[in-house]
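The structure under discussion appears below in the form of structure tokens.
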């Protein structure tokens, strides 16, 4: 049995087992009538008074984008730290350290720019 065949068997088992569980829960689960108020995003029992043209401040989007940007930069640092010893053993340690130094310099410059431009100020 090849590893690919074993992976395909596992894939189809998980797929069919998941579909089976969804089918059984629909069969045995409670049957409720559709309620428009209960299907709202915030189900407190009262009808929603929010209009569709609600203005959301740009600060929320900017904060989310900056969080994702800096989070992804940190995620790139983890594999580098794990595999750095292999680069040192192969003789490419100083080069890889320099590349990460440039990466960190750009990262720190962006962090200082964010602080200087008051990107996270809420006032």
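In our numbering, the protein residues as written are 628 to 750.
In this text, a Cβ means the ideal position worked out from N, Cα and C, and glycines have one as well.
Residue 719, DSSP secondary structure in three states: Within the chain shown, numbered from 1, the residue matching residue 719 stands at position 92. Coil.
Whether residue 746 touches residue 696 by CB criterion (8 Å): For the purposes of this step, residue 746 is taken as residue 119 along the chain shown, with counting starting at 1. For the purposes of this step, residue 696 is taken as residue 69 along the chain shown, with counting starting at 1. No, the Cβ-Cβ distance between residue 746 and residue 696 is not below 8 Å.
Whole-Å CB distance - residue 739 paired with residue 723, under 8 Å assumed: Residue mapping note: residue 739 aligns to position 112 of the chain shown, counting from 1. Residue mapping note: residue 723 aligns to position 96 of the chain shown, counting from 1. So it is not a contact: roughly 25 Å between Cβ atoms.
Closer than 8 Å to chain C by CB, residue 706: Of the protein chains in the structure, only one exists, and it is not chain C.
Pick from 654, 707, 716 and 685 that is closest to residue 749, judged by C-alpha positions: Position 122 of the chain shown, counted from the first residue, corresponds to residue 749. Minimum Cα distance to residue 749 is reached at 685.
Helix, strand or coil at residue 683 according to DSSP, with G and I counted as helix: Mapped onto the chain shown, residue 683 falls at position 56. Residue 683: coil per DSSP, three-state reduction.
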